[in-house]
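Numbering (the working numbering), first residue to last: 30 to 505.
We put the beta carbon where it would ideally sit given N, CA and C, even for glycine.
Here the structure is laid out as structure tokens; the discussion comes afterwards.
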Ligand SMILES: *Cc1c(COP(=O)(O)O)cnc(C)c1O
């Protein structure tokens, strides 16, 4: 009563008296079930947050004047689950990628092959022979099998695996060029995205940039004239995410190699995506083919493990044995090396290339090799099955439209494989609302919006996930 007399808004403090205690909220059956999953510390914290929200909402007239304590307890226990899901939404979850962007960096780049998934769980998630030689019982070399596969698939003498291609570039330049000059064409001073800019990486590595030629044309003599006693290597960078077309020129890689070697210099190629074989059949004839660079005499080549290779995040370095050994012995390698999980997934991925089943086994290559006709047939079947499964009339309308997929991951910028898109629309929901609903489903479905319509591209949806996609649509 004392409180009421002091308050200038007596009805408000009356309302606040209805606020449930933390204890009361935690004793509801819903809270007890949630508590079993998340632990009592988390539950107490959530209950406090929920009650403080209720206090705010009571003050803001969110509740009817006659609201009871029981109703507030029920509301609080409902909000516990909402708070928890808001807190955990940033945790890693599987999603269905219906965007048609095959190597989608925001969605985890390459989905793994079945063999890679099994190797992760069965071979590497417990104890394993990471640095243990099962023949001798002595210490073994990390990643030996993955490196052997990589060397044999690229024709290189030796290989080394680090955290990602950015790390590979930094490491190679640090070991081979720190304190000296690196010659690079002005047409290759690129930004790959996510703040990875070749000139900045060069500065960090302690090497000095010596740019030659012009944006569109660089000649062999430009490289030749730049050579001094400070020069350590020629750097070739694949301008992954754009193309200069028209009046362009660059020396053949083999010419560059001959020039470099005549001056006792090395050639290092940052190939980015890099294909292990010619991907013309998959529509990607323009991508650098790693074995070709090695055959042309390039001393070191690096590329990503989770772009066109279709494996896990990693930076793959292949090249001359003596050069790779210099890199392996550098202290920085220890800071950039990868985990057993990465080796396991890479071994399985590389083995698919080695037994020549990569196009059917590696999801990235399989998705890219799907023809427009195959996707049209799958999409038509999906729409027909969805319509047939509607027991009651639904407002969700699916349709088919002609469209294009995207390779993504900064690979093959000019290539947009033809596809069939499934349009998804609802008379009462805008495209952005529908897109958000799909995104908050379980599992989240990520589509794209084209001409104010939500569209799905089944190119990037695994056949096994089509049923889940249909279920999510039903639930809208
Ligand atoms: C993608 C790319 C990189 C960076 O590779 P990550 O594996 O993402 O670190 C470096 N260089 C080139 C040319 C690339 O295309």
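With fewer than 16 other CB atoms across the displayed protein chains lying within 10 angstroms of its CB, residue 232 is exposed. Exclusion of residue 234 from the 7 angstroms shell around ligand 1 follows from its C-beta lying no nearer than that to any non-hydrogen atom of the ligand. The beta carbon of residue 45 sits closer than 7 angstroms to the beta carbons of 84 and 87 from its chain, once the five residues preceding and following it are set aside; these are given in chain order. Residue 299 has its CB nearer than 7 angstroms to a heavy atom of ligand 1.
The Cβ atoms of residue 348 and residue 367 do not sit closer than 8 angstroms to each other.
Around residue 357, the same chain offers 189 as residues with beta carbons nearer than 6 angstroms, after the five sequence neighbours per side are excluded. Residue environment for residue 290: exposed (fewer than 16 other C-beta atoms within 10 angstroms of its C-beta). For the set 500, 496, 491 and 495, the Cα lying nearest the Cα of residue 143 is the one of 491.
Rounded to the nearest whole angstrom, the CA to CA distance from residue 466 to residue 503 is 12 angstroms. Straight through space, the alpha carbons of residue 49 and residue 69 are spaced by roughly 18 angstroms. Between ligand 1 and residue 322, a heavy atom-to-CB distance of less than 7 angstroms is absent. Within the same chain, 369 and 373 come within 8 angstroms of residue 157 by CB-CB distance, once the 5 residues on both sides are set aside. Here DSSP, grouped into helix, strand and coil, assigns residue 455 to strand. Boundaries of the alpha helix (DSSP H) around residue 230: 227-234. According to the DSSP assignment, residue 319 belongs to the alpha helix (DSSP H) that extends over 319-324. Residue 82 and residue 101 have their C-alpha atoms roughly 11 angstroms apart.
Judged by beta-carbon spacing, residue 377 lies within the 8 angstroms limit of residue 145, meaning their Cβ atoms are closer than that value. With a cutoff of 8 angstroms on beta-carbon distance, residue 305 and residue 338 are scored as near each other.
Residue environment analysis places residue 302 among the buried positions, since at least 16 neighbouring C-beta atoms fall within 10 angstroms of its C-beta. Taken atom to atom, the span from the alpha-carbon of residue 344 to that of residue 362 is near 12 angstroms. Annotation: the continuous alpha helix (DSSP H) that includes residue 365 extends over 360-365. In chain order, 203, 207 and 208 place their CB closer than 7 angstroms to the CB of residue 235, counting only its own chain and leaving out the 5 sequence neighbours on each side. Apart from the 5 residues on each side of it in sequence, residue 323 sits with its Cβ closer than 8 angstroms to the Cβ of 183, 184, 185, 330, 347 and 348 in its chain, given in chain order.
Under the DSSP assignment, residue 433 falls in the beta strand (DSSP E) whose first and last residues are 426-433. Nearest Cα to residue 284 within the set 260, 249 and 256: 249. Bounds of the alpha helix (DSSP H) holding residue 183 are 173-183. Nearest to residue 252 by C-alpha distance, out of 261, 259 and 242, is 242.
If you draw a straight line from the Cα of residue 328 to the Cα of residue 489, it comes to about 36 angstroms.
Ranked by how close their Cα comes to the Cα of residue 63, the residues 105, 99, 47 and 93 have 105 in first place. Annotation note: the stretch 245-299 contains the following uninterrupted alpha helix (DSSP H) runs of length 4 or greater, listed N- to C-terminal: 249-255 and 282-291.
For residue 188, the enclosing beta strand (DSSP E) stretches over residues 187-191.
A Cβ-Cβ distance of about 5 angstroms is found for the pair residue 169 and residue 160, placing them in contact under the 8 angstroms criterion. Separation of the CB atoms of residue 213 and residue 497 is rounded to 47 angstroms, and the pair is thereby denied contact status at 8 angstroms. Judged by beta-carbon spacing, residue 475 lies beyond the 8 angstroms limit of residue 412, meaning their Cβ atoms are not closer than that value.
Looking at the backbone, the Cα of residue 265 and that of residue 211 are separated by about 10 angstroms.
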